[in-house]
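S.K.:
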Amino acid sequence: AGIKDILTKSIRSNNAISVAHATMDALKRLKNPEKVSKDRGKEKEMIWQ
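Take the sequence shown: its letters are residues 134 to 182, numbered as in my numbering.
#1: Measuring CB to CB, does lysine 175 end up less than 7 Å from proline 166?
#2: May I have the straight-line CA-CA distance separating asparagine 148 from lysine 161, to the nearest angstrom?
#3: Three-state secondary structure (DSSP) at glutamate 176?
So, in C-alpha cells, the structure goes:
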C-alpha cells in the first residue's frame, strides 16, 4: 500500500522549496480508489488496475 515511486517534471520553478510544496499539494489531492469508483459508478477493480 502507498506510493512507491514517483517521477515528475518541474515545468516552471527549479526552486527546491517550490517543487516540494507543489509535490505535497499534488499528493494531498490524490483520491482513493473507493471514492473514484463511487463517483464514476463503477467497481473499484475497473478503476484501479
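Here a beta-carbon is modelled for each residue, glycine too, at the ideal position from N, C-alpha and C.
Computed from a predicted model, the values in this text were never measured in an experiment.
M.R.: If we stick to the structure as given:
#1: no
#2: 20 Å
#3: coil
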